[in-house]
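All remarks here apply to the structure that follows.
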Amino acid sequence: MEQITLALAKGRTAEDSINLLESAGIHFDDFTAESRKLVFNDTTGSVKLIFVKALDVPTYVENGAADMGIVGKDNIMESQADVYEILDLKLGQCKFAVAGFADHQPLGNNGLTVASKYPAVARRHFQKRGNSIKTIKLNGSVELAPIIGLADVIVDIVETGTTLRENGLEVLEEMDSISTRLIVNKASFTTKSESVHALIHSLQKGLE
Amino acid sequence: MRSFMSSVEGNLSPSDYQLKNSLITTIKNRFRTYGYQETGTKTFQDYDVYSSVIGTVHKQNMIKTIDSSGEVLVLRPDVTIPITRRMAADEETDDRLFYVENIFRQLGEDSQNKEFTQAGVECFGENASDSDAEMIALAVHVLQDLKFEHFKIEIGHAGFFKDLINELPLSDLESEKLQELIQSKNMAEVGPFLEELQAEKHVINAVKAIPLLYGDPKRVLEKAESIIVNDSMKTRIDNLKYVYGILKAYGVENSVVFDLGLINHMNYYSGIIFQGYITGYSKPVLMGGRYDHLAEQFGRATPAIGFGCIVDDIFKAQKASRQLTETDSPSQLTIRYDSNSMKDALAAANYLRDSGVRVITENTENHNQNVSSRFIAQFKQENAVLFNQQEEWHFQTADELLILLKREMREG
Numbered sequence: 000m001e002q003i004t005l006a007l008a009k010g011r012t013a014e015d016s017i018n019l020l021e022s023a024g025i026h027f028d029d030f031t032a033e034s035r036k037l038v039f040n041d042t043t044g045s046v047k048l049i050f051v052k053a054l055d056v057p058t059y060v061e062n063g064a065a066d067m068g069i070v071g072k073d074n075i076m077e078s079q080a081d082v083y084e085i086l087d088l089k090l091g092q093c094k095f096a097v098a099g100f101a102d103h104q105p106l107g108n109n110g111l112t113v114a115s116k117y118p119a120v121a122r123r124h125f126q127k128r129g130n131s132i133k134t135i136k137l138n139g140s141v142e143l144a145p146i147i148g149l150a151d152v153i154v155d156i157v158e159t160g161t162t163l164r165e166n167g168l169e170v171l172e173e174m175d176s177i178s179t180r181l182i183v184n185k186a187s188f189t190t191k192s193e194s195v196h197a198l199i200h201s202l203q204k205g206l207e
Numbered sequence: 000m001r002s003f004m005s006s007v008e009g010n011l012s013p014s015d016y017q018l019k020n021s022l023i024t025t026i027k028n029r030f031r032t033y034g035y036q037e038t039g040t041k042t043f044q045d046y047d048v049y050s051s052v053i054g055t056v057h058k059q060n061m062i063k064t065i066d067s068s069g070e071v072l073v074l075r076p077d078v079t080i081p082i083t084r085r086m087a088a089d090e091e092t093d094d095r096l097f098y099v100e101n102i103f104r105q106l107g108e109d110s111q112n113k114e115f116t117q118a119g120v121e122c123f124g125e126n127a128s129d130s131d132a133e134m135i136a137l138a139v140h141v142l143q144d145l146k147f148e149h150f151k152i153e154i155g156h157a158g159f160f161k162d163l164i165n166e167l168p169l170s171d172l173e174s175e176k177l178q179e180l181i182q183s184k185n186m187a188e189v190g191p192f193l194e195e196l197q198a199e200k201h202v203i204n205a206v207k208a209i210p211l212l213y214g215d216p217k218r219v220l221e222k223a224e225s226i227i228v229n230d231s232m233k234t235r236i237d238n239l240k241y242v243y244g245i246l247k248a249y250g251v252e253n254s255v256v257f258d259l260g261l262i263n264h265m266n267y268y269s270g271i272i273f274q275g276y277i278t279g280y281s282k283p284v285l286m287g288g289r290y291d292h293l294a295e296q297f298g299r300a301t302p303a304i305g306f307g308c309i310v311d312d313i314f315k316a317q318k319a320s321r322q323l324t325e326t327d328s329p330s331q332l333t334i335r336y337d338s339n340s341m342k343d344a345l346a347a348a349n350y351l352r353d354s355g356v357r358v359i360t361e362n363t364e365n366h367n368q369n370v371s372s373r374f375i376a377q378f379k380q381e382n383a384v385l386f387n388q389q390e391e392w393h394f395q396t397a398d399e400l401l402i403l404l405k406r407e408m409r410e411g
């Protein structure tokens with residue numbers, strides 16, 4: 000069978016993903032959480048693991064640089080990659096939400112300024128509501144934007160809401176649920192079907 | 000010199016251009032052997048035609064321009080529509096046509112490449128599984144001609160899916176969302192999405208099964224039969240079965256897989272749809288299908304089927320698998336002369352060119368001598384000599400030169 004290249008998001012879900020692969024019978028001897036290596040081969044040589052930035056995982060998979068990827072739904076939605084989204088791995092479950100000050104102007108107002116790490120997701124959400132907005136792309140500390148007056152509201156991932164509360168913000172509207180997904184390149188799905196389906200199958204088993 | 004930094008993908012080098020052209024020639028020759036005749040369309044097309052036809056290229060993907068009378072034009076975003084339109088307008092016309100043309104689309108927000116070469120066929124007037132199968136066999140044949148060893152044609156059915164979701168009470172927005180979920184085989188979200196609809200249980204189960212209907216044709220057909228909810232779906236399955244039978248007769252059954260979750264973004268497809276993937280290349284290199292109702296929109300009902308090869312992607316896939324061999328050097332013979340021998344030399348050059356030899360000429364008095372051809376013929380007043388890196392031969396007339404050259408080129 001042909002070797003499968005699997006792209007994994009660096010960061011908080013990486014270890015959980017590795018554990019899931021372990022329970023699916025795919026072992027990486029040389030992997031440790033502290034390691035700074037970016038490429039790993041599994042013990043049987045059937046899977047090559049590469050670590051890339053989370054938002055890049057869909058790009059790698061869409062362009063076939065990786066056959067499959069494990070990445071959060073948030074990054075898939077932001078990148079709008081044309082890939083198969085085969086399995087919900089149920090890791091890192093949280094939600095997208097619009098957040099801001101409770102006494103702020105209503106969300107239905109046109110011309111709101113929305114700050115987010117996910118400008119494409121924010122734009123599409125407000126488009127569906129029928130509101131035109133202005134987006135500001137930020138790379139971190141998004142909660143700061145409404146406080147400092149950079150934006151009216153933010154669109155961000157909310158797990159417990161603690162960060163929001165501590166900064167005096169609250170969820171104004173809940174959006175899509177998010178969790179980690181297994182994505183597959185459409186060409187690999189067809190042309191490397193045997194190896195791809197074998198891996199999907201063992202991950203499915205590992206989830207049970 | 001000013002250097003231009005631009006986001007536009009660079010032009011092909013001459014040698015790449017030769018390679019791309021030679022693969023176009025291969026494709027054209029194959030199309031001809033199935034009785035297709037070459038045709039062409041205008042680069043500037045009527046915007047209204049594309050914006051009013053149902054299920055065509057998205058408006059934001061078209062590249063628009065305005066002529067001096069204020070008319071909005073688009074750079075040909077697709078070839079099937081103008082060909083179908085002309086077909087519908089002319090009473091008498093050929094029904095097997097092929098084209099090699101550039102199409103223009105702006106995909107995504109920051110797409111760099113806006114121009115693509117497409118080589119495709121359209122077959123009008125036949126609505127039978129036989130012509131479906133022949134079309135797919137032709138697609139396989141083309142990929143074989145291009146020396147790809149590992150590839151797959153993925154076959155789906157636009158009608159099968161449409162017949163099924165017609166049973167669901169869906170708004171346009173919901174239908175779009177469902178297609179998106181099915182297209183990405185998003186099993187995790189298809190379930191919850193369907194549970195919220197007021198629909199019969201067996202219809203919901205059938206929709207849920209769609210993304211899993213892929214792989215070995217026989218197995219897919221069996222599973223598909225078990226989820227049928229109306230008679231027209233049954234007809235579609237019979238169509239697929241029959242097509243598969245014919246593909247076996249063509250001997251290409253190992254090159255095809257079925258995927259009933261396959262949805263093409265061109266909404267005008269009504270029957271069988273298919274796309275071709277090459278192992279190791281991340282995008283489909285050809286796509287097509289049956290579009291029986293497109294011509295109706297131009298006032299004449301005619302069944303039709305066709306497909307297009309995306310030549311640029313085939314070229315990249317060939318390069319990636321290093322299948323392309325270097326082409327010949329552009330010239331076979333360099334003729335060198337001076338002012339005394341000019342008349343004889345140029346007459347000989349003409350004679351050889353008429354015989355099909357690729358010749359360049361150099362005046363030795365004002366030209367640096369660089370060897371770019373395999374053979375060089377030196378004309379001097381007293382003698383004339385043909386030589387290459389190893390040997391040399393004397394000759395008197397242009398005719399003798401041609402005979403010598405032919406003999407040596409054959410042996411070399």
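Protein sequences appear in the order of chains A and B. Taking numbering that gives the first Met the number 0, the leading residue of the first sequence gets 0, the next gets one more, and so forth. Taking numbering that gives the first Met the number 0, the leading residue of the second sequence gets 0, the next gets one more, and so forth. Even glycine gets a Cβ: it sits at the ideal position worked out from N, Cα and C. This structure is a prediction, so every number in the text was calculated from the model and none was measured.
Counting only the same chain and skipping the five closest in sequence on each side, list residues whose C-beta sits under 7 Å from that of residue i.
i, result
"L285 (chain B)", "A138, Q274, G275, F306, G307, C308 and I309"
"V186 (chain B)", "The identity of residue 186 (chain B) in the sequence shown is Met, whereas the question assumes Val. Answer for M186 (chain B): P210, listed in chain order."
"T58 (chain A)", "S78 and A80"
"S140 (chain A)", "none"
"G298 (chain B)", "A87"
"D28 (chain A)", "T42"
"G273 (chain A)", "With chain A represented from 0 up to 207, any question about residue 273 (chain A) goes unanswered, as that position is not in the structure."
"G244 (chain B)", "none"
"V52 (chain B)", "I80 and Q296"
With a cut-off of 8 Å, does the C-beta of residue i fall near any C-beta of chain D?
i, result
"S45 (chain A)", "Absence of chain D from the displayed structure is noted, the protein chains being A and B."
Determine the direct distance from the alpha carbon of residue j to that of residue i, and round the result to whole angstroms.
i, j, result
"R35 (chain A)", "Y267 (chain B)", "50 Å"
"Y117 (chain A)", "L88 (chain A)", "22 Å"
"E207 (chain A)", "D291 (chain B)", "46 Å"
"F100 (chain A)", "P168 (chain B)", "39 Å"
"L170 (chain B)", "I164 (chain B)", "Sequence inspection shows Ser at residue 170 (chain B); the Leu mentioned does not correspond to that position. Each residue's Cα considered, the two are about 11 Å apart."
"D175 (chain A)", "A223 (chain B)", "32 Å"
"N101 (chain B)", "N138 (chain A)", "40 Å"
"N362 (chain B)", "K315 (chain B)", "40 Å"
"Q178 (chain B)", "D45 (chain B)", "29 Å"
"G190 (chain B)", "F115 (chain B)", "38 Å"
"S194 (chain A)", "N108 (chain A)", "51 Å"
"F150 (chain B)", "E252 (chain B)", "12 Å"
"I152 (chain B)", "T159 (chain A)", "47 Å"
"S187 (chain A)", "I132 (chain A)", "38 Å"
"L212 (chain B)", "L106 (chain B)", "29 Å"
"E120 (chain B)", "A300 (chain B)", "Residue identity differs from the one stated: residue 120 (chain B) is Val in this sequence, not Glu. Cα-Cα distance, rounded: 19 Å."
"V56 (chain A)", "I154 (chain B)", "28 Å"
Please go through the same chain and pick out, in chain order, the residues whose beta-carbon is closer than 8 Å to the beta-carbon of residue i, but skip the five residues on each side of it.
i, result
"E364 (chain B)", "D337 and S338"
"V56 (chain B)", "Y49, P76, D77, R104 and M265"
"K185 (chain A)", "D81, V82 and Y83"
"E188 (chain B)", "L180"
Run through chain A and tell me which residues come within less than 7 Å of residue i, C-beta to C-beta.
i, result
"A60 (chain B)", "Note on identity: in this sequence residue 60 (chain B) is Asn, with Ala being the wrong assignment. Within chain A, no residue comes near N60 (chain B); the closest Cβ sits about 14 Å away, beyond 7 Å."
"K151 (chain B)", "T189 and T190"
"Y276 (chain B)", "A186, T189 and T190"
How would you list, in chain order, the residues of chain A whose beta-carbon sits under 9 Å from the beta-carbon of residue i?
i, result
"Y280 (chain B)", "G63, A186 and T190"
"K63 (chain B)", "Neighbours of K63 (chain B) on chain A: none; closest Cβ ~22 Å, over 9 Å."
Output needed for residue i: all residues of its chain with C-beta closer than 6 Å, excluding positions within five of it in sequence on either side, in chain order.
i, result
"N238 (chain B)", "S128"
"Q389 (chain B)", "none"
"V97 (chain A)", "V152, V154, L171 and E172"
How far does the alpha helix (DSSP H) with residue i in it reach, from first residue to last?
i, result
"L351 (chain B)", "M341 to D353"
"N28 (chain B)", "P13 to T32"
"D131 (chain B)", "S128 to D144"
"Q296 (chain B)", "Element bounds for Q296 (chain B): n/a, residue is neither H nor E."
So residue i is in the beta strand (DSSP E); what residue range does that whole segment cover?
i, result
"I182 (chain A)", "T179 to V183"
"R406 (chain B)", "R406 (chain B) -> not in any beta strand (DSSP E); alpha helix (DSSP H) instead, spanning A397 to E410."
"V384 (chain B)", "A383 to F386"
So which residues on chain B does residue i lean against when the C-beta distance must stay under 7 Å?
i, result
"E84 (chain A)", "S183, K184 and N185"
Could you tell me which chain B residues have their CB closer than 9 Å to the CB of residue i, listed as they occur along the chain?
i, result
"D87 (chain A)", "N185, M186, A187 and E188"
field: Residues from the region 59–70 of chain A in contact with chain B, defined by Cβ distance under 7 Å
entry: N62 and G63
task: Can you give me, in chain order, the residues of the region 244–263 of chain B that have a beta carbon less than 8 Å from any beta carbon in chain A?
output: V256 and D258
query: Looking at chain B, which residues of the region 177–196 of chain A have a Cβ within less than 9 Å of any of its Cβ atoms?
result: Listed by position along the chain: S178, R180, I182, V183, N184, K185, A186, S187, F188, T189, T190, K191, S192 and H196.
- prompt: Going along the region 187–220 of chain B in order, which residues come within less than 9 Å of chain A, judged by CB to CB distance?
  reply: A187, E188, P210, Y213 and G214
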